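Enquirer: Counting in my numbering, the final residue of the sequence shown is number 1280, and the numbers go up one at a time with none missing.
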Amino acid sequence: MALVMGILNVTPDSFSDGGRFVGVADATVHAQSLARAGADIIDVGGESTRPGATRVSPEVERERVLALLESLDAAALPMISIDTMNASTALAAVAAGARVVNDVSGGLADPDMLPAVATTGADIVLQHWRGHSADMYRRAQYGDIVGEVADELGARVQAALHAGIPRERIILDPGFGFGKGPADNWLLARNLRRLTGLGQRVLVGTSRKRMIAEIAGADEKHRDVATAVTSVLAAQAGVWAVRVHDVATTRLALRTWRAWDGPGESS
Ligand code: PMM
1014 MALVMGILNV TPDSFSDGGR FVGVADATVH AQSLARAGAD IIDVGGESTR PGATRVSPEV
1074 ERERVLALLE SLDAAALPMI SIDTMNASTA LAAVAAGARV VNDVSGGLAD PDMLPAVATT
1134 GADIVLQHWR GHSADMYRRA QYGDIVGEVA DELGARVQAA LHAGIPRERI ILDPGFGFGK
1194 GPADNWLLAR NLRRLTGLGQ RVLVGTSRKR MIAEIAGADE KHRDVATAVT SVLAAQAGVW
1254 AVRVHDVATT RLALRTWRAW DGPGESS
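1. Below 6 Å, is the gap between the Cβ of Ile-1183 and the nearest heavy atom of ligand 1?
2. Please go through the same chain and pick out, in chain order, the residues whose beta-carbon is closer than 7 Å to the beta-carbon of Ala-1044, but skip the five residues on each side of it.
3. Give a single yes or no on whether Gln-1140 has its beta carbon closer than 6 Å to a heavy atom of ligand 1.
4. Verify whether the separation of the beta carbon atoms of Pro-1187 and His-1141 is less than 7 Å.
5. Once DSSP output is grouped into helix, strand and coil, what is the label at Gln-1213?
6. Using alpha carbons as the reference points, say which of Val-1078, Arg-1049, Leu-1047, Met-1018 lies closest to Val-1037.
7. Report the residue from Glu-1074, Gly-1144, Val-1252 whose alpha carbon sits nearest the alpha carbon of Arg-1206.
8. Just the Cα atoms here: how many angstroms apart are Ala-1173 and Arg-1112?
9. Flag Thr-1132 as yes when its Cβ comes closer than 6 Å to any non-hydrogen atom of ligand 1, and as no otherwise.
10. What number of angstroms, rounded off, separates the C-alpha of Thr-1067 from the C-alpha of Asp-1125?
11. Pro-1137 bridges to which residues according to DSSP?
12. So the alpha helix (DSSP H) Arg-1271 belongs to, where does it begin and stop?
13. Could you give the DSSP three-state label for Arg-1256: helix, strand or coil?
14. How far does the beta strand (DSSP E) with Asp-1096 in it extend, from its first residue to its last?
15. Have a look at Val-1138 and Ile-1183 and give me their C-alpha separation to the nearest angstrom.
16. Is Arg-1180 near ligand 1 - that is, is its Cβ less than 6 Å away from at least one heavy atom of it?
17. Keeping to the same chain, check which residues put their C-beta closer than 7 Å to that of Thr-1062; ignore five residues upstream and five downstream.
18. Is Gly-1218 a contact residue of ligand 1, with contact defined as CB to any heavy atom under 6 Å?
19. Determine the direct distance from the alpha carbon of Met-1092 to that of Ala-1108, and round the result to whole angstroms.
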């Protein structure tokens, strides 16, 4: 069964929960509620990557996430991952208890990222990425999106291996919404097995994104239901984990799929 990664953005401007959990106390309560809802991993992010977002300095980002990580009792919570493109934030977060570094740039934004992670025992998520959010759509012209994403992720795996990160610590992510329009995203989704077939663990994040909003509309609950459907379909395609805002709804969807597919004969 796929793991569920709950999203905790301590940013004023992320896709959908931005601004809600900026205070450490609120963010801590939210982390606990993600854990109660059944999150296996909590992904803490201090810099928004939404289209057009302005970048924050690594210092501001570190300040945001470290205050939270210090207030979280890591032992009493699921595994923590740190959503960052900065090596310095990644190292500080791992020192504060994070066990996964989730880099949406796949190690491209900060040349120190891969060597830094290699010095830790942390896992790393390498997401497909073609540039910072300010201009990512301009850079995203694809002839064969599935082949190009697979090839570019393969190159990032080679870079990570070269930096000294063991293969079993590397997780891939197609980067839904990152420099991809809705049609690109659905084409990638339909061909997710191409990525899960590369031999690395795969993480996917569709939660409340534009591709979902175009189907579900503005209502958050509707978006979470549509997200949960994509979580089941991604799990069927063999992903290791799904990154979602509404952990309870995705968990329920995964349990329902399990019951449907469970023991017993099919005719
Ligand atoms: N999406 C966002 C942020 N971080 N990390 C990974 N690995 N995969 C994603 O798809 C991803 C990510 C943007 O969404 P948010 O602003 O709602 O967190």
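Even for Gly, the Cβ is constructed at its ideal location relative to N, Cα and C.
Values in this document were obtained by computation on a predicted structure and should not be read as measured data.
Expert: From the atom records:
1. As a first step, residue 1183 is located in the sequence shown; it is residue number 170 there, counting from the start. No - ligand 1 has no heavy atom lying nearer than 6 Å to the Cβ of Ile-1183.
2. If you number the sequence shown from 1, residue 1044 lands on position 31. The residues are Leu-1021, Ile-1055, Leu-1085, Leu-1090.
3. The sequence position of residue 1140 within the sequence shown is 127, counting from 1. Yes, since a heavy atom of ligand 1 falls inside the 6 Å radius drawn around the Cβ of Gln-1140.
4. Walking along the sequence shown from the start, residue 1187 turns up at place 174. Walking along the sequence shown from the start, residue 1141 turns up at place 128. Cβ distance < 7 Å, so Pro-1187 and His-1141 count as in contact.
5. Here residue 1213 refers to the residue found at position 200 when the sequence shown is read from its first residue. Coil, per DSSP.
6. Counting from one through the sequence shown, the residue named residue 1037 turns up at place 24. The candidate whose alpha carbon is nearest that of Val-1037 is Val-1078.
7. Looking up residue 1206 in the sequence shown gives position 193. Per the Cα distances, Val-1252.
8. Looking up residue 1173 in the sequence shown gives position 160. Looking up residue 1112 in the sequence shown gives position 99. About 17 Å.
9. As a first step, residue 1132 is located in the sequence shown; it is residue number 119 there, counting from the start. No, Cβ of Thr-1132 sits at least 6 Å from all heavy atoms of ligand 1.
10. Stepping through the sequence shown from its first residue, residue 1067 is reached at position 54. Stepping through the sequence shown from its first residue, residue 1125 is reached at position 112. Each residue's Cα considered, the two are about 21 Å apart.
11. The residue given as residue 1137 occupies position 124 in the sequence shown. Per the sequence presented here, residue 1137 reads as Ile, with Pro not at that position. According to DSSP, which records beta bridges pairwise, Ile-1137 is partnered with Val-1114, Ile-1183.
12. The residue you call residue 1271 lines up with position 258 of the sequence shown. 1260-1274 is the extent of the alpha helix (DSSP H) around Arg-1271.
13. Here residue 1256 refers to the residue found at position 243 when the sequence shown is read from its first residue. Arg-1256 falls in the strand class under three-state DSSP.
14. By one-based count along the sequence shown, residue 1096 stands at place 83. Counting along the chain, the beta strand (DSSP E) containing Asp-1096 begins and ends at 1092-1096.
15. Your numbering for residue 1138 matches position 125 in the sequence shown. Your numbering for residue 1183 matches position 170 in the sequence shown. Using only the alpha carbons, I get a separation of about 6 Å.
16. Taking the first residue of the sequence shown as position 1, residue 1180 is located at position 167. Checking the Cβ of Arg-1180 against ligand 1 gives no.
17. Residue numbering aside, residue 1062 sits at position 49 when the sequence shown is read from its first letter. Answer for Thr-1062: Val-1117, Ser-1146, listed in chain order.
18. Taking the sequence shown and counting its residues from 1, one reaches residue 1218 at position 205. Gly-1218 Cβ: within cutoff of ligand 1.
19. As a working mapping, residue 1108 is identified with position 95 in the sequence shown. As a working mapping, residue 1092 is identified with position 79 in the sequence shown. About 14 Å.
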